[in-house]
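For the record, in the sequence shown the residue sitting at position 53 is 53 according to the UniProt record's numbering, with numbers rising by one throughout. Idealized CB from N, CA, C, for every residue including glycine. Comments concern the structure below.
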Amino acid sequence: MSVEPTGELAIPSGQGPWPGVVVIHEAYGLNDDIRACCERLAGAGYLTFAPDLYRGGRLRCLVRAFRDLSARRGQTFTDVEQSRRWLLDHPDCTGRVGIIGFCLGGGFALLAAAQSDYAVAAVNYGQVPKNAADVLTGACPIVASYGGRDRTLAGAAGKLSGTLTEIGVTHDVREYPAAGHGFLNHHTPVLPARIVARAGFRGPEAADAWRRIETFFATHLPVERAGVD
1 MSVEPTGELA IPSGQGPWPG VVVIHEAYGL NDDIRACCER LAGAGYLTFA
51 PDLYRGGRLR CLVRAFRDLS ARRGQTFTDV EQSRRWLLDH PDCTGRVGII
101 GFCLGGGFAL LAAAQSDYAV AAVNYGQVPK NAADVLTGAC PIVASYGGRD
151 RTLAGAAGKL SGTLTEIGVT HDVREYPAAG HGFLNHHTPV LPARIVARAG
201 FRGPEAADAW RRIETFFATH LPVERAGVD
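Here it is, written out as C-alpha cells:
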C-alpha cells in the first residue's frame, strides 16, 4: 500500500471493507467543518479521507489551487488523485470511491467527476467550468447544491443542470433561493464573503442538501449494511 497522504481519515465502525469517499476542503482549508463531514460519512459507512491541500503553506497553496482549478490541471489535481488511489489501495476499501467537495473543493470535485474513475460526486457551491459540456462528458453521477443568494455563482445551478441533462449524466442539482455560499458549513465566513456571496450556515437548507447527498450516495455508492454497526 502507498504512503498515506497528509490529511484526515475517518473509519466506520463495524467490519469492513467499505466504499471510500475523498473529501475536498474549501478555501478555508481542512477545518472542523471538513472533519465533521468526514465523521458524518464514516457514520454512514464510508471509509473517508480528506487530504490537506495546504500542507505547503496556506496562502501559497491557496493561490496554486485556484490557478490549478482554472487550468484544470496541476499539483492540486495530483494530490486529489493520490488520495483517490490511496483509498483504492486501502485494505478496508471495497475498490469503489466517491468524492465530495465544498466551495473551492466543489470545483475540484466537479472536474474530478469526469477526469477520474469515481462512482459518484457531490458538488457543493462549486465553480462550473467553461465549455462544461466538453469538460464533463463521461462524468459519474453528480449531486450538486447551490445558494440562490450567492452572487459569485449566479446561474451556476441552472447551467450545470442543463449541461448534465444535455450530455446524459445522471444528476440531482438544486438551488436553494434563501441560501448563500457556504450554507452547509458552520464556521463564520470572512466579511467579504458574507457581503458578496451572502455566505453563512443555513440549517434547513443544509439538512435538505445532506439528505439529498446521502440518498444519492446510497444509490450510486451503496454500503453493505452488514459492515456497519
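DSSP beta-bridge partners of residue i
{"i": "L47", "result": "G20"}
{"i": "V97", "result": "G20"}
{"i": "A122", "result": "I100 and V143"}
{"i": "residue 271", "result": "With the chain covering only 1 through 229, there is no way to say anything about residue 271."}
Proximal residues to residue i (C-beta, below 7 Å), its chain only, five neighbours per side dropped
{"i": "S116", "result": "E81 and R84"}
{"i": "P189", "result": "G182, A199 and G200"}
{"i": "D150", "result": "Y125, G180, H181, A197 and R198"}
{"i": "D172", "result": "V143, R212 and F216"}
{"i": "Q75", "result": "R64 and D68"}
Neighbourhood of residue i by C-beta, 6 Å cutoff - its chain only, sequence neighbours within 5 removed
{"i": "I213", "result": "A122 and V143"}
{"i": "L136", "result": "A114"}
{"i": "T163", "result": "A132 and A133"}
{"i": "D52", "result": "T6, G7 and L30"}
Residue i, DSSP secondary structure in three states
{"i": "V80", "result": "helix"}
{"i": "H171", "result": "strand"}
{"i": "V228", "result": "A caution first: V228 carries a pLDDT of 42, below 50, which makes its placement in the model too unreliable to give a value."}
{"i": "A178", "result": "coil"}
{"i": "I142", "result": "strand"}
{"i": "L30", "result": "coil"}
{"i": "Q75", "result": "helix"}
{"i": "Q115", "result": "helix"}
{"i": "L87", "result": "helix"}
{"i": "F183", "result": "coil"}
{"i": "P63", "result": "At residue 63 the sequence reads Val, which differs from the Pro that was named. In this structure, V63 counts as helix in the three-state DSSP scheme."}
{"i": "R149", "result": "coil"}
{"i": "R35", "result": "helix"}
{"i": "S70", "result": "helix"}
{"i": "G14", "result": "coil"}
{"i": "T163", "result": "helix"}
{"i": "R198", "result": "coil"}
{"i": "G57", "result": "coil"}
First through last residue of the alpha helix (DSSP H) which encompasses residue i
{"i": "residue 258", "result": "Residue 258 lies beyond the stretch modelled for the chain, which goes from 1 to 229, so this question has no answer here."}
{"i": "A133", "result": "A132 to L136"}
Segment limits, beta strand (DSSP E) that includes residue i
{"i": "A154", "result": "Here A154 belongs to no beta strand (DSSP E), and DSSP marks it neither H nor E."}
Cβ neighbours of residue i in the same chain (closer than 8 Å, five flanking residues each side left out)
{"i": "A96", "result": "Contrary to the premise, residue 96 reads as Arg rather than Ala in this sequence. Around R96: P19, G20, A119 and L221."}
{"i": "K159", "result": "V128 and A132"}
{"i": "E166", "result": "A133"}
Test: residue i CB closer than 7 Å to a CB of chain B
{"i": "K130", "result": "The chain inventory of the structure shown lacks chain B, comprising one protein chain alone."}
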